[in-house]
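Below is one structure, written out as structure tokens, with a few remarks after it.
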């Protein structure tokens with residue numbers, strides 16, 4: 398009984414010691430075994446691992462690809478057109494011992510803070526060596542590759558491998574953005590004014606051409622009308638002359654009837670004539686012939 402009293406605590410302590418010496422490395426992480434702050438083992442394969450209880454400790458780090466959002470920064474390209482750049486990067490811890498020596502107990506937050514400073518410096522240096530047109534064009538992919546390659550060398554001292562760097566947005570600063578919008582608006586208004594001026598000029602040319610065409614057409618029509626009217630008058634006069642030459646008496650009779658038709662219009666026409674007037678010679682003649690002047694006066 399007294400022996401069992403001593404054995405049970407020893408067995409319990411042994412079990413606790415064995416359990417505390419065993420730890421599991423997940424497939425998504427890697428671990429460092431530290432002894433008094435010094436790295437004594439690196440566990441990179443998933444599974445069971447061992448350590449000395451109370452003397453050694455285990456520090457775990459994520460073995461997956463991690464992402465970091467770079468703080469927005471303002472860059473000045475070669476054309477002095479300031480831009481606000483928003484970027485992010487993907488990285489992975491490549492050397493656990495180097496990483497532990499570089500960041501100490503701070504771990505990933507300290508590493509990301511230092512990596513952010515590296516990425517900001519490389520982004521500012523690379524984008525400051527080109528024009529804003531290059532940054533906003535298809536050359537952007539090549540610029541991101543340059544930033545990544547430059548950051549890889551700097552981040553190697555942290556035990557980190559930079560896998561990719563991407564520019565999410567490149568915008569103008571707010572003050573410059575408003576000025577740019579005002580300049581774009583003024584430019585569009587100027588273009589609109591120019592277009593309206595050119596349109597008015599073209600409209601005036603069209604109206605002037607149309608007015609000229611109208612004048613020419615009317616003039617041609619009047620000229621043709623005068624020519625036709627003159628030719629008709631000439632033909633009429635020729636007909637009258639021919640008729641007068643063929644039968645002068647009939648021609649005189651026809652002219653008198655025309656004169657009567659023009660003079661005696663309406664239901665109550667009055668004419669004041671002298672007694673010896675020849676106007677009604679044919680009306681006064683009993684046989685329809687021109688009456689002599691003496692007969693007409695009687």
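In the numbering used here, the protein residues as written are 398 to 695. Think of the CB as a built atom: it goes at the ideal place given N, C-alpha and C, for glycine as much as any other residue.
So who's on the other strand from residue 522, going by DSSP bridges?
In the chain shown, residue 522 corresponds to position 125, counting from 1. Beta-bridge pairing links residue 522 to no other residue.
C-beta atoms of residue 557 and residue 486 nearer than 7 Å
Position 160 of the chain shown, counting from 1, holds the residue named residue 557. Position 89 of the chain shown, counting from 1, holds the residue named residue 486. For residue 557 and residue 486, no; Cβs fall outside 7 Å.
If you compare alpha carbons, which of 618, 492, 519 and 607 is closest to residue 458?
Sequence index remark: in the chain shown, residue 458 carries index 61 (1-based). Among 618, 492, 519 and 607, the Cα nearest to that of residue 458 is on 492.
Counting pairs of Cβ atoms below 8 Å between the stretch 544-559 and the stretch 501-512, do you hit three or more?
yes
Pick helix, strand or coil for residue 439, following the three-state DSSP scheme.
Locating residue 439 in the chain shown gives position 42, counting from the first residue. Note: residue 439 maps to strand in three-state DSSP.
Please work out which residues of its chain come closer than 6 Å, Cβ to Cβ, to residue 566, disregarding the five sequence neighbours upstream and downstream, and give them in chain order.
In the chain shown, counting from the first residue as 1, residue 566 sits at position 169. Excluding residues within five positions, the ones whose Cβ falls inside 6 Å are 483.
Suppose contacts are defined by Cβ-Cβ distances below 7 Å. Is residue 470 in contact with residue 528 by that definition?
Numbered from 1 along the chain shown, position 73 holds the residue referred to as residue 470. Numbered from 1 along the chain shown, position 131 holds the residue referred to as residue 528. Their beta carbons are not under 7 Å apart, which means residue 470 does not touch residue 528 by this criterion.
Three-way DSSP call (helix, strand, coil) for residue 693 in this model:
As a first step, residue 693 is located in the chain shown; it is residue number 296 there, counting from the start. Since pLDDT at residue 693 reaches only 39, below the 50 mark, its modelled position is unreliable, and the value read off the structure follows with that caveat. Reduced to three states, the DSSP call for residue 693 is helix.
Are there 16 or more other CB atoms within 10 angstroms of the CB of residue 548, so buried, or fewer, so exposed?
Counting from one through the chain shown, the residue named residue 548 turns up at place 151. Buried.
Buried or exposed: which applies to residue 692, given that a residue is buried once 16 or more other Cβ atoms fall within 10 Å of its Cβ?
Residue 692 sits at position 295 when you count from the first residue of the chain shown. For residue 692, the predicted structure reports a pLDDT of 42, less than 50, and the residue's modelled location is therefore unreliable. A value from the coordinates is still provided. Within a 10 Å sphere around the beta-carbon of residue 692 sit fewer than 16 other beta-carbons, which makes this residue exposed.
Chain-order list of residues whose beta-carbon lies under 7 Å from that of residue 524 (same chain, five-residue window excluded):
Looking up residue 524 in the chain shown gives position 127. Apart from sequence neighbours up to five positions away, the residues of its chain that approach residue 524 with a beta-carbon distance below 7 Å are 472, 474, 482, 532 and 540, ordered along the chain.
What does DSSP give as the partner residues of residue 601 in its beta bridges?
Residue numbering aside, residue 601 sits at position 204 when the chain shown is read from its first letter. DSSP, once it has assigned bridges, lists no residue as partnering residue 601.
Rank 603, 591, 545 and 597 by C-alpha distance to the C-alpha of residue 518 and give the top, closest one.
The residue you call residue 518 lines up with position 121 of the chain shown. The shortest C-alpha separation from residue 518 is found at 545.
Do you know whose CA, among 643, 622 and 478, lies nearest residue 389's CA?
The requested residue 389 is not part of the displayed model; the chain covers only 398 to 695.
Alpha carbon of residue 489 to alpha carbon of residue 583, nearest angstrom
Residue numbering aside, residue 489 sits at position 92 when the chain shown is read from its first letter. Residue numbering aside, residue 583 sits at position 186 when the chain shown is read from its first letter. Computed Cα separation, rounded: 49 Å.
Residue 619 burial status per 10 Å Cβ neighbour count (16 or more: buried):
The residue labelled residue 619 in the question sits at position 222 within the chain shown. A residue is called buried once 16 or more other Cβ atoms fall within 10 Å of its Cβ, and residue 619, having fewer, is exposed.
DSSP beta-bridge partners of residue 485
Counting from one through the chain shown, the residue named residue 485 turns up at place 88. In DSSP, residue 485 forms a bridge with 466 and 563.
Determine the extent of the beta strand (DSSP E) in which residue 457 is found, giving its start and end residues.
Counting from 1 along the chain shown, the entry for residue 457 is found at position 60. Note, residue 457: beta strand (DSSP E), 453-459.
Does DSSP classify residue 493 as helix, strand or coil?
Looking up residue 493 in the chain shown gives position 96. Three-state DSSP puts residue 493 in a helix.
Whole-Å CB distance - residue 440 paired with residue 425, under 8 Å assumed
Counting from 1 along the chain shown, the entry for residue 440 is found at position 43. Counting from 1 along the chain shown, the entry for residue 425 is found at position 28. About 13 Å separates the CB atoms of residue 440 and residue 425; that is not less than 8 Å, and the two are not in contact.
With 16 other Cβ atoms within 10 Å as the buried cut-off, status of residue 625
What you label residue 625 is simply residue 228 of the chain shown in a count that begins at 1. In the assembly as shown, residue 625 is an exposed residue. Its beta-carbon has fewer than 16 other beta-carbons within 10 Å.
Could you check whether residue 448 and residue 430 sit closer than 7 Å to each other, using their CB atoms as the reference points?
Translated into the one-based positions of the chain shown, residue 430 becomes position 33. Translated into the one-based positions of the chain shown, residue 448 becomes position 51. Result yes, Cβ atoms of residue 430 and residue 448 sit closer than 7 Å.
Please specify which runs of the alpha helix (DSSP H), each continuous and at least 4 residues long, are wholly inside the stretch 500-551, giving them in chain order.
Runs of the alpha helix (DSSP H) inside the stretch 500-551: 504-524 and 529-532.
DSSP has residue 429 in a bridge; who is on the other side?
One-based indexing of the chain shown puts residue 429 at position 32. Answer is 439 and 456, bridged to residue 429.
Opposite residue 634 in the DSSP bridges: which residues?
What you label residue 634 is simply residue 237 of the chain shown in a count that begins at 1. In the DSSP output, where bridge partners are listed per residue, residue 634 has none listed.
Would you report the Cα separation of residue 450 and residue 435, rounded to the nearest angstrom?
Along the chain shown, read from residue 1 onward, the residue named residue 450 stands at position 53. Along the chain shown, read from residue 1 onward, the residue named residue 435 stands at position 38. Their backbone Cα atoms lie some 15 Å apart in a straight line.
Check residue 625 in the structure and name its three-state DSSP category.
Residue numbering aside, residue 625 sits at position 228 when the chain shown is read from its first letter. It is helical.
Using three-state DSSP, classify residue 476 as helix, strand or coil.
Walking along the chain shown from the start, residue 476 turns up at place 79. Here residue 476 sits in coil by DSSP.
Return the residue from the list 640, 453, 460 and 432 that minimises the CA-CA distance to residue 443.
Translated into the one-based positions of the chain shown, residue 443 becomes position 46. Looking at the Cα atoms, 460 is the closest of the given residues.
If you follow the alpha helix (DSSP H) that residue 654 is in, where does it begin and where does it stop?
On the chain shown, residue 654 is found 257 positions in, with the first residue counted as 1. Counting along the chain, the unbroken alpha helix (DSSP H) around residue 654 starts and ends at 645-660.
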